[in-house]
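The opening residue of the sequence shown carries number 1 in my numbering; numbering runs sequentially from there. Here the structure is laid out as structure tokens; the discussion comes afterwards.
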Amino acid sequence: MTTIAVLGAGRIGESLLSGLLNTGRAPEELLFTERYPQRAAELTEQYGIEHVDIATAARRADILIVAVKPQDIDPLLDEVEPLVTADKLVVSLCAGLPTKVFERRLAEGTPVVRVMPNTPMLVGEAMSAISAGSHAGEAHLELVEELLGSVGRVTRVPESQQDAVTALSGSGPAYFFYLVEAMIDAGILLGLPRAVAGELIVQSAVGAATMLREGEGHPVMMREGVTSPAGTTIAGIRELEKHGVRAALIDAIEAARDRSLELGRVHDTDE
């Protein structure tokens with residue numbers, strides 16, 4: 001039996017545990033760590049999964065899924081460094097942290113796979129990008145794809161592209177929420193009740209995303225299909241272009257990429 005430990009049972013960690021259970025993993029195959037005792041007790045009661053401390057997880061698990069915030073990685077590595085052997089697989093969900101941050105601290109030859117998930121994991125619709133570290137091979141990548149497939153879709157990218165992934169899909173849901181918030185406010189300004197405006201926009205977003213996923217065409221072609229000559233949509237598009245919304249989005253994603261690089265550099269120093 002393969003034992004999987006999720007280090008850090010926040011929203012993402014809990015969602016992954018839930019997804020693994022839903023796809024057939026037994027509670028006995030799973031462990032989790034959590035700093036707050038009350039939340040740990042609640043998760044154990046809800047899912048039947050054993051709560052352990054970090055050292056116990058590092059000793060007992062075959063796969064360690066690290067789901068802590070980047071700023072918490074150093075104390076965690078201090079604790080697991082003497083306990084993680086090279087036959088274990090380490091999966092990092094820490095935004096911005098290169099695989100060599102882990103490889104430098106853990107036993108020589110330890111396979112590490114870097115993952116950038118996003119918050120739709122909470123509803124089983126995550127987009128996760130994975131990259132192999134120096135010692136991770138095809139079998140490790142396939143295993144991580146299987147695990148993350150329980151909570152959404154998975155793609156492989158070179159690790160050099162992970163900061164761009166972080167900016168685009170890792171932060172991406174926040175951009176959508178921001179736009180939806182603005183559109184709901186516009187609906188209220190135009191006299192619609194908030195609940196009605198919200199329902200209209202959210203369902204429109206779901207429908208548009210489904211059309212994109214099902215390959216109805218390139219986004220430009222799909223937008224043009226809604227944009228009639230001298231109609232309402234082109235009037236709105238003109239205002240978006242006038243205010244530089246396209247350029248602002250590109251700048252926002254570039255800024256997020258730069259911040260991801262900064263987070264990595266904080267920990268990516270030779271010892």
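Idealized CB from N, CA, C, for every residue including glycine.
Residues sharing a beta bridge with residue i, DSSP
i: Thr155; result: Ala129
i: Thr33; result: Leu7
Simplified DSSP assignment, three categories, for residue i
i: Ser134; result: coil
i: Leu64; result: strand
i: Glu50; result: strand
i: Ser18; result: helix
i: Arg114; result: strand
i: Met121; result: helix
i: Glu146; result: helix
i: Gly236; result: helix
i: Thr279; result: This structure leaves residue 279 out entirely; the chain is present only between 1 and 271.
i: Thr56; result: helix
i: Ala86; result: coil
i: Lys69; result: coil
i: Ala95; result: coil
i: Thr2; result: coil
i: Glu108; result: coil
i: His140; result: helix
Whole-Å CB distance - residue i paired with residue j, under 8 angstroms assumed
i: Leu30; j: Ile4; result: 5 angstroms
i: Ser92; j: Val52; result: No, Ser92 and Val52 are not in contact; Cβ-Cβ is about 19 angstroms, not under 8 angstroms.
i: Met222; j: Met211; result: 6 angstroms
i: Ser131; j: Glu108; result: At roughly 20 angstroms, the Cβ-Cβ gap does not stay under 8 angstroms, so Ser131 and Glu108 are not in contact.
i: Ser15; j: Met116; result: Not really, about 15 angstroms apart at Cβ, beyond 8 angstroms.
i: Ile184; j: Gly170; result: About 24 angstroms; that fails the 8 angstroms criterion.
i: Val80; j: Ile63; result: That belief does not hold up - the Cβ atoms of Val80 and Ile63 are roughly 13 angstroms apart, past 8 angstroms.
i: Ala129; j: Val157; result: 5 angstroms
i: Leu179; j: Gly187; result: Going by Cβ atoms, the distance from Leu179 to Gly187 rounds to 13 angstroms, so no, they are not a contact pair.
i: Ala167; j: Ile253; result: 5 angstroms
i: Glu77; j: Arg105; result: The sequence shown places Leu at residue 77, not Glu. So it is a contact: roughly 5 angstroms between Cβ atoms.
i: Ala95; j: Pro70; result: 6 angstroms
i: Val165; j: Ala136; result: No, Val165 and Ala136 are not in contact; Cβ-Cβ is about 17 angstroms, not under 8 angstroms.
i: Leu89; j: Gly264; result: Between Gly264 and Leu89 the Cβ distance is about 21 angstroms, and since that is not below 8 angstroms, they are no contact.
Boundaries (first-last residue) of the beta strand (DSSP E) holding residue i
i: Leu261; result: It is not in any beta strand (DSSP E) - Leu261 instead sits in the alpha helix (DSSP H) that spans Val245 to His267.
i: Val90; result: Leu89 to Ser92
Delimiting residues of the alpha helix (DSSP H) encompassing residue i
i: Arg105; result: Thr99 to Arg105
i: Pro75; result: Ile73 to Val80
Cβ-heavy atom distance, residue i to the ligand MG, below 7 angstroms
i: Leu179; result: Only the bare structure without any ligand can be found here, which leaves the ligand MG out of the picture.
Please specify which runs of the alpha helix (DSSP H), each continuous and at least 4 residues long, are wholly inside the stretch 154 to 232, giving them in chain order. 162 to 165, 172 to 189, 194 to 213 and 219 to 226
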